[in-house]
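Residue numbers (the working numbering): 92 to 398.
Backbone N, C-alpha and C define an ideal beta-carbon position, used for all residues, glycine too.
As structure tokens, this is what we get:
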């Protein structure tokens, strides 16, 4: 597979990227996320809960109990799926640009990179869960045959669309449109911070405190570095997909955003424990340097400012 010379942090040569196109795209996305995408969830809640007078002030946990965890998860994913379609539409018809160049600088999407990142990070998390399961009593078997396999299909076909929407928005669209900032690494920090702040309303932040936002911001920066140095989103798409699939399908708890009938229930006291610190300062840096070695990233070249 040949490698395009044009670095990923630059906007495509073909396309209209004026201020008004950017504003119209953001208005379109906001309409989808805040408006149109919420309609199915609101209708479902009205249908199930209005007669009982339970609709007002419901938490995510209560919504999941009313609708059922699988239906609730699906309804939560709909705004992101529509958002992904809206963003692709905007790139093609508002910016009149090529969609592929917002995913990768290569001639086509490198699925081997996607599956490698997916497999390596998924394998690591699986090892950590197995270790925790056999060395402590905080993980309890939670398999429910009547809901698990539908959850499996949701995670397989819908959840990757949600994560890809976030990647396309934060690691590509916003990143590229900040091209008035000459240093790409500054843009990575800005987009990573916006990515983290997007999770401000998540239940994890309420339970763990504002420090949880630091972890989200760190993850946003980490995924931005993968995208920038690899000249495409393939690695970040794979990483983000398996990370969320694992949280929904393998291990869950009663306080996180994705509350599902996963295989295992984590009964430990909510905290930003040693696992988070190991992830931030050991495992993610090791993964970064593994990809640097495998794909021979030229970090010095990547530090050249945009002309």
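Cβ neighbour criterion (16 or more within 10 Å) applied to residue i
i: residue 94; result: Low local confidence applies: a pLDDT of 46 at residue 94 is under 50, so the model's placement there is unreliable, with the coordinate-based value given in what follows. Burial call: exposed.
i: residue 234; result: exposed
i: residue 130; result: exposed
i: residue 251; result: buried
i: residue 198; result: exposed
i: residue 344; result: buried
i: residue 392; result: Bear in mind that a pLDDT of 48 at residue 392, under 50, signals an unreliable position, so the model cannot answer this.
i: residue 390; result: exposed
i: residue 222; result: exposed
i: residue 395; result: Unreliable placement is indicated for residue 395, whose pLDDT of 42 sits below 50; the coordinate value is still reported in the next sentence. Exposed.
Short Cβ contact (7 Å threshold) for residue i with residue j
i: residue 329; j: residue 282; result: no
i: residue 253; j: residue 171; result: yes
i: residue 99; j: residue 196; result: yes
i: residue 323; j: residue 308; result: no
i: residue 388; j: residue 313; result: no
i: residue 224; j: residue 230; result: yes
i: residue 291; j: residue 278; result: no
i: residue 106; j: residue 186; result: yes
i: residue 270; j: residue 134; result: no
i: residue 162; j: residue 249; result: no
i: residue 157; j: residue 139; result: yes
Closest by C-alpha distance to residue i, when choosing among the options
i: residue 108; options: 167, 120, 317 and 183; result: 183
i: residue 349; options: 116, 160 and 135; result: 160
i: residue 260; options: 311, 293, 240 and 220; result: 311
i: residue 209; options: 358, 258, 323 and 333; result: 333
i: residue 298; options: 284, 361 and 335; result: 361
i: residue 382; options: 368, 352, 358 and 325; result: 325
i: residue 295; options: 257, 346, 270 and 191; result: 346
i: residue 128; options: 152, 378, 278 and 165; result: 165
i: residue 174; options: 243, 123 and 358; result: 123
i: residue 247; options: 106, 335 and 226; result: 335
i: residue 207; options: 374, 327 and 249; result: 327
i: residue 204; options: 366, 331 and 368; result: 331
i: residue 365; options: 256, 212 and 306; result: 306
i: residue 369; options: 155, 97, 219 and 153; result: 219
i: residue 276; options: 317, 245, 111 and 375; result: 317
i: residue 176; options: 215, 227 and 257; result: 257
i: residue 367; options: 386, 385, 378 and 303; result: 303
CB-CB length for residue i against residue j, believed under 8 Å
i: residue 342; j: residue 355; result: 5 Å
i: residue 150; j: residue 193; result: That belief does not hold up - the Cβ atoms of residue 150 and residue 193 are roughly 36 Å apart, past 8 Å.
i: residue 380; j: residue 268; result: Not confirmed; about 29 Å, so no contact.
i: residue 242; j: residue 132; result: Wrong, their Cβ atoms sit about 18 Å apart, outside the cutoff.
i: residue 239; j: residue 357; result: Residue 239 to residue 357, Cβ: 17 Å. No contact.
i: residue 120; j: residue 178; result: 7 Å
i: residue 155; j: residue 337; result: Contact flag wrong, Cβ pair sits at about 19 Å.
Minimum length 3: unbroken beta strand (DSSP E) runs contained in the segment 167–215: none
Whole runs of the alpha helix (DSSP H) within the segment 294–352, excluding any shorter than 4 residues: 294–299, 302–321 and 325–340
Considering only residues of the segment 250–290, which uninterrupted alpha helix (DSSP H) runs meet the minimum length of 4 residues and lie entirely inside it, listed in chain order? 250–258, 265–268 and 275–288
I'd like the ranges of any alpha helix (DSSP H) spanning at least 4 consecutive residues and lying wholly in the segment 353–392. 365–369 and 375–386
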